[in-house]
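Number of protein chains: 2
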Amino acid sequence: MKYVYAFCEGNKDMRNLLGGKGANLAEMTSIGLPVPQGFTVTTEACLKYYQDHEELSEDVVLEIRDQISALEKISGKKLGDVKNPLLVSVRSGARASMPGMMDTILNLGMNDEVCSGFCEADGNARFVYDNYRRLIQMFADVVKGFPKSSFEHLFDKIKKEKGVQLDTELTAEDLKEVIDEYKIEYSRLASEEFPQDPMVQLLEAVSAVFRSWNNERAITYRRLNDIPSSWGTAVNVQEMVYGNRGEDSGTGVAFTRNPATGEKKLYGEYLINAQGEDVVAGIRTPQSIETLNEVMPENYQEFVRICKVLEDHYKDMQDMEFTIENGKLFMLQTRSGKRTGQAAIKIAVDMVKEGIITKEEALLRVDANQLDQLLHPTFDKESLQKSSVIAQGLAASPGAASGKIYFTAEDVSKAYESGEREIILVREETSPEDIEGMNLARGVLTVRGGMTSHAAVVARGMGTCCVSGCSELSIDANKKTIRLADGTILHEEDYISLDGSTGFIYNGKMATVDPEISGDFETFMQWADSTRVLGVKANADTPKDAMEARKFGAEGIGLCRTEHMFFEETRIFHFRKMILSETEEARREALEKILPYQREDFAALFRAMEGRSVVIRFLDPPLHEFLPKKEEEISQLADSLGMSKEEIHTRILSLKEFNPMMGHRGCRLAITYPEIAQMQTRAVMEAAIMVEKEGLATNLEIMIPLIGSMKEYLYVKNIVLETAKEVMKEQAVTVSFKVGTMIEVPRAVLISDEIASEADFFSFGTNDLTQMTFGFSRDDAAKFLNDYYEKGILEQDPFKTIDEEGVGRLVHLGASLARDENRDIELGICGEHGGDPKSIAFCHKIGLDYVSCSPFRVPGARLAAAQAVIREKY
Amino acid sequence: MKYVYAFCEGNKDMRNLLGGKGANLAEMTSIGLPVPQGFTVTTEACLKYYQDHEELSEDVVLEIRDQISALEKISGKKLGDVKNPLLVSVRSGARASMPGMMDTILNLGMNDEVCSGFCEADGNARFVYDNYRRLIQMFADVVKGFPKSSFEHLFDKIKKEKGVQLDTELTAEDLKEVIDEYKIEYSRLASEEFPQDPMVQLLEAVSAVFRSWNNERAITYRRLNDIPSSWGTAVNVQEMVYGNRGEDSGTGVAFTRNPATGEKKLYGEYLINAQGEDVVAGIRTPQSIETLNEVMPENYQEFVRICKVLEDHYKDMQDMEFTIENGKLFMLQTRSGKRTGQAAIKIAVDMVKEGIITKEEALLRVDANQLDQLLHPTFDKESLQKSSVIAQGLAASPGAASGKIYFTAEDVSKAYESGEREIILVREETSPEDIEGMNLARGVLTVRGGMTSHAAVVARGMGTCCVSGCSELSIDANKKTIRLADGTILHEEDYISLDGSTGFIYNGKMATVDPEISGDFETFMQWADSTRVLGVKANADTPKDAMEARKFGAEGIGLCRTEHMFFEETRIFHFRKMILSETEEARREALEKILPYQREDFAALFRAMEGRSVVIRFLDPPLHEFLPKKEEEISQLADSLGMSKEEIHTRILSLKEFNPMMGHRGCRLAITYPEIAQMQTRAVMEAAIMVEKEGLATNLEIMIPLIGSMKEYLYVKNIVLETAKEVMKEQAVTVSFKVGTMIEVPRAVLISDEIASEADFFSFGTNDLTQMTFGFSRDDAAKFLNDYYEKGILEQDPFKTIDEEGVGRLVHLGASLARDENRDIELGICGEHGGDPKSIAFCHKIGLDYVSCSPFRVPGARLAAAQAVIREKY
């Protein structure tokens, strides 16, 4: 195996081996662009490094030596040569871009001798000394892991001694002094001298970059961006070029099109007489790229030409870095540019129009996750720069929101009634009681709960921004305060800002920008729709949700959680009365009162969906979720029911469960209280008949949750069929409807052939299936999953992206067993994975018929489904 | 298909079709014993009856008519004949005996005409009228389901009018009056006359007996005795004989050997001039069977002869019913007699010695479940007759106990310290904190929780009697009272009695009888051991448990739950300190304090097991289970830790989980806090080394709980290996040990091939696997599972007997995947199913290596494992 490739040996298709940066440097070399030459140590070498217990193997070292020799020939310079030294940079470069996550070292090859010889040869001693002192500083930090402060402190000390403010005011002599002090500090910390052998420097630097693949930042970034740790990083060793060699030098970055809007116009900035890090540091303000035409017209024209070459060559918007050294332009990097969702769509559609790419290519160019964000507000750029992050939780529901914090749904309601609109609801964890408050709030923040916690699921459904599982905060509900990790206390009505797309929480109020949806969006989505095979439905509980779902292109409602209809004030009263009833008769009486409301809701859903499929799931949560928790509410309820508080307490206690997620819920409720299923069947059938009588079509599918055995299913199905027959007989009308079940308990998967023989459809409830397959409570796992990510045991949140090895295997098994038994069965998924692009690709692969997700995720799901088709082809 | 068989057409091997009673009546007929003739309507006819929506099909009716004609020929009597009427009984008879659970009707064929004609012919009008009135009464009750009280009330009224006390004092004329009143009442209730057509009576009676297969009593009985509802019952129609025709008549029951002790001696009782129901009713005191020799020597001699014939024929102890009608002996029933565990063993061993049966047959003769009961006290018979049942829960841990009730483990300790020994601990549900209290109590009663709840598992482990999940009780922990379903209130220190073998709870104090274990037991268990293939280990947490386990023949410890070692006072303090520590350092410091205790415990276990395998499971429960709950204890803890109560509360709150069963527990703890696994590895390795240095052998297996992914397993295994290496290096000794895991999360099953490649053994933790496969929380499911049983959705508690269709399929899959990958892997089971005979048979079938169960269940498991081998042969 070959572990090291010269730039002239590679090309852009070797990304997996050379990393993105390396592959593109090779590609630019091959098409004749001016690139400082060098070589890439492959990702395979990185994996080998880890296999060999973090040591560079002999073959790798030998190949690096060979490549250095080759580079010396190309450059006409020599590593360690006193007069004409080869200086190199060492930079990471993984398959996927991970900007700023790993380490870089510059100026390798410099040492005491080179430094003095080079000074003489170059004539610019200040420049040479500065490079040397930067090397020592970076080497100490990156390779040795010594605290940055030790060196910064020395540097400041000397600046103070010399009475200067800026680094640039230090003279060559001053810098020589800095170098001496640095070397003393280095040997104190390292118990050895700073290495003078350039090859030792180089090999240590390569190892350090490999190690930085597993620093904490990088691990977190990979998890958030679905990058497997098994990929490893490549390392690029490249001859140094300097943008800080005078007024005929400079450095800059540019995009071939505007990454924010997609506009077809060069977009970028540069600095004269500066290095890359100066652009980033922000001490001097960079100039807009067009102005380079005035300062260095030749270089500018050449750069514009290269931009065109690169975009045409890569057929995508490029993000480039360049350096001009003494009037000569060098390209240091090119890559596909990151862009906003809006820009992504515009560029994709434009490029199709320009004939650069096909529609299929265009569909692959947009990240399906971005579409969701595109539909929500974001923070204004300026606000973002000014604000400070105070904590980070899970990016549970996208969007940006600023507001005053309130700690209960009730307080939210009160604030709203008194005219407040900027509201953030902060809760330990939400429960169905909080829905009203969540609906009024701009954003929701919870301390517990993962990507499929109640807060996350409901907020995504509403399109409300939500950050969940922010375990570094502690809430004191009584005092109405939040305590930050650093001890700061926030009080009720203090402002905070949430970014539900990143999970960041900011202090204070921030300005937001509303999304703009262009005509390109429609065009683009049409392409997606005509490509995809999977159906896309929405999870929608209310007529309002249903309207939203249709707006976003849902082909039906894949999940209507009927219990969400019970929380409105008058309904919850009757529902609670039902729960507290001791006899079937009393329960029936209370249910009788709820029936008209449910019927009206269902009718509105049918009307909104105009004949599209509507999957109604029967009551699912345990009954205790519907009972009040506060003494005050319990008193009220006792009064209005004519019961004693004692009695209500006793009943609440008797309903309490140790593990409600595995308790008395789902179809288990219908088995204990068949009258609930009867009422729900009656409501939904009467609604369907009513709407059909209005001349509208309906397409009703009744879904029985949490089935684990055939007899369970048949028992509840029978209630549905009997009641439906009764209603149709009463009304002398026939309405066709389907009956099916959720497959969400592992046992149901094992017998799904049997169940399929009696079911019209299955919807895989992968939220619960994930909980029970892993034995992870979605409300509790957030706390310990962090340790799993940090230790590399899990790379992704299995509640966000389906765990193909475990849960996915069960879904596949269930789908296969079901289809073998019942060829016509409709198979879908309605867990949160239904909106996750990677999981959608999996659903496509195993041949499900549809996915169902929250309305705002529908466009992304449509795109992901199209992408799955295209990717399958290649 | 033939649905009805004459007695002369069947034999004893047709039990599945004819039911036990029918098959034995046929067998007795075929070997020439005096049996009143008749016929059996098959279990197939019963199933058909249900398929046909509870109607007798025409073929069945036709066959019954044919058989009646045949019976008329045999008996020389005629159905409905006025002079010489054929009267018949209709009795249920299922495959398995279900005494008293289903219905019986006698004297069918009687009507107005028959009654008067028969009176003339027979001459005993009183006898004839009494039979007619009994028929009407039974028919109204069993066939029509009218309240018994209506008829009893009329009967009492007439007795009062006539001024008599006893039924027998009523004259023929009086009874005629009763009949008239009965017929009026019947037609009032039924809106039709009492049927005069004997064939109508007969067919209705057969249907009613079929229906009684699904009465509530029968369903419950089947569930408790593992009888599938799919078997159905047969119905026996038999010519009536009467033991109440005068002083030369009588009726009785007898066993060929003593059913309580097994002694080889006829055992039974009889009444002169009486019917079977009189023996049961207990108004007259029956005579011991030997005395029949004095009254009717000829009949007695014949009966003794028949007993011998039957026992020799069936090669088992028989339980028989007989009637003598006018000096002629009739056998009405024979069946294998129910017997105590003690008797079962004595009879089995004796019969082998007598050369009647083989050892294998003997092994099949004893119910493996009975062995557990055999090792525990039972209630004294007299006490049982005097006591009243006040509630019933689950038979969670066998044995009988009387005592004063206490509501907290603390109160139990106090009472114990003050000298009280008769203690019953009553809790909503127990937690590990209660272990000390459970240990001191004679019995444990809980309101929640099923067969594998904490209370059940721990009590079984201790051999303490326990009734769990008695949801009809409500406990008020503050007031220290129990409220019974009928509103009665019991207070602290009131006496109750628990039968952990039946789940019955009695009022007041009852006498118990200690078990007697005979030499036959040893002989019998040796036969079992030389037959079985499966290994039998015990779940044992303490040296005391381990000694008990060895006494009962365990071949090793299959599960040592190390957390149970943490609850002793000094240890729990350090463990709590560990939990409340904020830094790893502080945690390590606290763990350091626990290490010596664990080491000592482990060493004691190794010593007790003398080189037999000891499987040590690392810490499993969530940490919050170890923290105090009461304010008082929290204050104490705060004081001794020098923390504020506030801080402790905050930490308790932060550890709280919504679904602890799927929370931060098992190997997840070792991932967050590797130092815990390090300490446990160190303790167990140091203990093994210590014991080996004493010259004893050890056989250590370290078990990592709750594994769900390969990386999780490797992470913890690596901690174990590294720490063990360290300890062995320190001590300069090598000890061999195995590392394996529990397979208890569905995901682990799916990847068990992968895990098997790195594991020395698997232990299927079917408690948790059942929870997650069904999505049933073992602590909550008891509440709704009753509805499942009643509605026929589940027939067995899946926590008691393994659910072969679902959970069993997963175990089988996991075992197969594992063996394919690693031929040498040792496979066992350590869930509660490890002690359940039916589940043990399943483990044998799928080729596991061993089962592990609580010490008291070990003998039963040894027997069940032997039975599995024998049954497999045939």
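In the order they appear, the protein sequences are chains A and B.
Numbering that gives the first Met the number 0 applies: residue 0 is where the first sequence begins, and numbers increase by one.
Numbering that gives the first Met the number 0 applies: residue 0 is where the second sequence begins, and numbers increase by one.
Yeah, the Cβ is synthetic: ideal placement off N, Cα and C, and Gly gets one too.
- Three or more beta-carbon pairs separated by less than 8 Å link the region 389 to 403 of chain B to the region 466 to 480 of chain B, which places the two stretches in contact.
- The region 401 to 414 of chain A makes no contact with the region 536 to 544 of chain A; the number of CB pairs closer than 8 Å stays below 3.
- In terms of Cβ geometry, V857/A and A527/A do not form a close pair [threshold 8 Å].
- As a beta-bridge residue in DSSP terms, L393/B pairs with S467/B.
- Within chain A, no residue has its CB atom less than 8 Å from the CB of H623/B, the nearest being about 11 Å off.
- Less than 8 Å divides the Cβ of V34/B from the Cβ of F6/B.
- Neighbours of M660/A in chain B, taken as residues at a C-beta separation under 9 Å, are given in chain order as F657, N658, M660, M661, G774, S776.
- For R132/B, the secondary structure class from DSSP, reduced to helix, strand or coil, is helix.
- Residues of chain A whose Cβ lies closer than 9 Å to the Cβ of T487/B do not exist, since the nearest Cβ in that chain is about 16 Å away.
- Per DSSP, the unbroken beta strand (DSSP E) holding K403/B starts and ends at 399 to 405.
- When the five nearest sequence neighbours on each side are left out, the beta carbons in the same chain lying within less than 8 Å of the beta carbon of N10/A are those of A22, A25, E26, S29, in order along the chain.
- Think of a sphere of 7 Å around the beta carbon of Y714/B: the chain A residues whose beta carbon falls inside it are K790, I792, in chain order.
- Nearest CB-CB separation between M771/A and chain B: below the 8 Å threshold.
- Linking T487/B to E646/A through their CA atoms gives a straight-line distance of about 17 Å.
- Only T649, S653, E656 from the region 642 to 656 of chain A bring a Cβ to less than 8 Å from some Cβ of chain B.
- For Y873/B, the number of other beta carbons within 10 angstroms of its own is below 16, and it is reported as exposed.
- Counting other Cβ atoms within 10 Å of its Cβ, G418/A stays below 16 and is therefore classed as exposed.
- Under DSSP, K508/B takes part in no beta bridge, so it has no partner.
- For the region 582 to 605 of chain A, no residue has a beta-carbon sitting nearer than 9 Å to a beta-carbon of chain B.
- Non-local beta-carbon contacts of R338/A in its own chain, meaning distances under 6 Å to residues more than five positions away in sequence, involve P258 in chain order.
- Excluding the 5 residues flanking it on each side, K314/A has same chain C-beta neighbours closer than 6 Å at I355, I356, in chain order.
- The beta carbon of T722/B sits closer than 8 Å to the beta carbons of A676, Q677, T680, R681, M684 from its chain, once the five residues preceding and following it are set aside; these are given in chain order.
- Any Cβ of chain A closer than 8 Å to the Cβ of K182/B would place that residue at the interface, and such an atom is absent.
- When secondary structure is reduced to three states using DSSP, L497/B falls in the strand class.
- Annotation: the continuous alpha helix (DSSP H) that includes Y788/B extends over 780 to 789.
- Nearest in C-alpha terms to A408/A, of all of N214/A, Q136/A, V425/A, is V425/A.
- Within the DSSP secondary-structure output, G442/A pairs in a beta bridge with I423/A, C464/A.
- In the structure shown, E428/A falls within a coil segment according to DSSP collapsed to helix, strand and coil.
- With a cut-off of 8 Å on Cβ pairs, the region 577 to 595 of chain A is in contact with the region 639 to 655 of chain A, counting three or more such pairs.
- L695/B has a beta carbon lying at 8 Å or more from every beta carbon in chain A.
- Using a CB distance below 7 Å, no part of the region 433 to 458 of chain A faces chain B.
- Residues of the region 784 to 818 of chain B with a C-beta atom less than 8 Å from some C-beta of chain A are D786, Y787, K790, G791, I792, L793, D802, E804, G805, V806, R808, L809, listed in chain order.
- Identification of residues in the region 737 to 759 of chain A having a C-beta nearer than 7 Å to some C-beta of chain B yields V744, P745, R746, L749, I750, given in sequence order.
- Neighbours of K782/A in chain B, taken as residues whose beta carbon is under 7 Å from its own, are H663 in chain order.
- Not a single C-beta of chain A is nearer than 8 Å to the C-beta of I226/B.
- Taking a contact as a CB-CB distance under 8 Å, the pair E521/A and Q341/A does not count as one, their CB atoms being some 13 Å apart.
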